[in-house]
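Trainee:
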Amino acid sequence: MSIFDIGFKSFSMEMFYDVNDKSYGSYKVFLQKADNYQVEYLMLISGKGSVNPTQFPKNTFIGIKKLLHEMDLNLDDVEIYLDLLEYIGPKKDRIYRWQSRNNEFFDTLEQVEINENETLRLFIYSYYKDKWSTLIDSTLNNQEKINLIARVFAESYLDNYMIDDLTERFKKSLSKVKKDNQQLTNYLLNMH
Numbered sequence: 329m330s331i332f333d334i335g336f337k338s339f340s341m342e343m344f345y346d347v348n349d350k351s352y353g354s355y356k357v358f359l360q361k362a363d364n365y366q367v368e369y370l371m372l373i374s375g376k377g378s379v380n381p382t383q384f385p386k387n388t389f390i391g392i393k394k395l396l397h398e399m400d401l402n403l404d405d406v407e408i409y410l411d412l413l414e415y416i417g418p419k420k421d422r423i424y425r426w427q428s429r430n431n432e433f434f435d436t437l438e439q440v441e442i443n444e445n446e447t448l449r450l451f452i453y454s455y456y457k458d459k460w461s462t463l464i465d466s467t468l469n470n471q472e473k474i475n476l477i478a479r480v481f482a483e484s485y486l487d488n489y490m491i492d493d494l495t496e497r498f499k500k501s502l503s504k505v506k507k508d509n510q511q512l513t514n515y516l517l518n519m520h
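Taking the numbering used here, the leading residue of the sequence shown gets 329, the next gets one more, and so forth.
(1) Could you give the DSSP three-state label for T462: helix, strand or coil?
(2) Is it true that the CB of Y453 sits closer than 7 Å to the CB of L437?
(3) If you draw a straight line from the C-alpha of V505 to the C-alpha of N470, how long is it?
(4) Measure the alpha-carbon distance for S351 versus R479 and round it to whole angstroms.
(5) Using the rule of at least 16 other Cβ atoms within 10 Å of the residue's Cβ for burial, across every protein chain shown, is I334 buried or exposed?
(6) Does N445 pass the burial test, meaning 16 or more other C-beta atoms within 10 Å, or should it be called exposed?
(7) Using beta-carbon positions only, say whether Q360 and L370 come within less than 7 Å of one another.
(8) Is K356 helix, strand or coil by DSSP?
(9) Exposed or buried, which one is D508 when buried takes at least 16 other CB atoms within 10 Å?
(10) At the level of alpha carbons, what is the spacing between K500 and I474?
(11) Check for me: the alpha helix (DSSP H) holding V505 runs from which residue to which?
(12) How is Q427 classed by DSSP in three states: helix, strand or coil?
(13) In the DSSP output, which residue or residues are listed as bridge partners for F344?
(14) Quick check on DSSP: helix, strand or coil for Y365?
(15) Got a sec, what are the start and stop residues for the beta strand (DSSP E) I408 sits in?
(16) Just tell me which of N431, V406, L372 has its CA closest to the CA of Y365.
(17) Given that a residue counts as buried once 16 or more other Cβ atoms are within 10 Å of its Cβ, and exposed if not, what is T388?
(18) Measuring alpha carbon to alpha carbon, tell me which residue in I392, L412, L413 is nearest D522.
(19) Where F339 and D458 are concerned, what is the direct C-alpha to C-alpha distance, given to the nearest angstrom?
(20) Whole angstroms are fine: how far does the CA of S503 sit from the CA of D349?
This is the structure we're talking about:
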């Protein structure tokens with residue numbers, strides 16, 4: 329019995345590239361059951377920090393294979409995608425299908441256009457909605473959300489120019505979302 333049999337809709341976690349040497353960093357995994365699709369599950373992997381998951385294709389493959397085994401899921405029932413947003417920015421070509429032809433490590437990257445596949449588009453939308461849920465679905469008021477974002481950015485080094493530029497860009501983006509009567513997730517997903 330898998331976790332999806334007991335009511336899970338999606339599952340998100342962080343994994344180390346090497347459990348014996350955590351200095352290599354980690355990556356995030358988002359797994360969701362796919363309804364009426366060619367496979368049973370969809371998975372999105374995204375890096376965390378300066379290390380891109382494609383730098384550790386064997387470690388990532390082994391970790392994913394072990395994770396799926398522990399969850400009583402078969403790798404053949406999962407389509408795996410890679411999100412490079414943290415490395416290349418909000419560009420259109422940031423989502424890739426990641427496959428293993430040799431069953432030892434991920435060796436094939438294929439760029440995908442998410443808007444051509446409704447199931448994949450909804451999956452990626454769910455991923456970003458989960459990722460940004462504090463800004464989208466929380467009961468925080470707007471001032472509390474702004475304070476939260478400010479605190480996150482305060483942890484990074486920002487000079488005065490960067491602070492002004494970031495503030496102006498964020499303000500313009502939020503104004504555009506409001507003016508166009510969009511949902512924030514849709515805007516963030518489709519910006520490039």
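Glycine residues also receive a C-beta, built at the ideal position from the N, C-alpha and C atoms. A quick note: this is a predicted structure, and the numbers were derived from the prediction, not measured.
Mentor: If we stick to the structure as given:
(1) helix
(2) no
(3) 14 Å
(4) 25 Å
(5) exposed
(6) exposed
(7) yes
(8) strand
(9) exposed
(10) 14 Å
(11) 488 to 507
(12) Looking at Q427 - three-state DSSP - the assignment turns out to be strand.
(13) S354
(14) coil
(15) 406 to 411
(16) V406
(17) buried
(18) Here the chain has residues from 329 to 520 only, and residue 522 is not among them.
(19) 10 Å
(20) 44 Å
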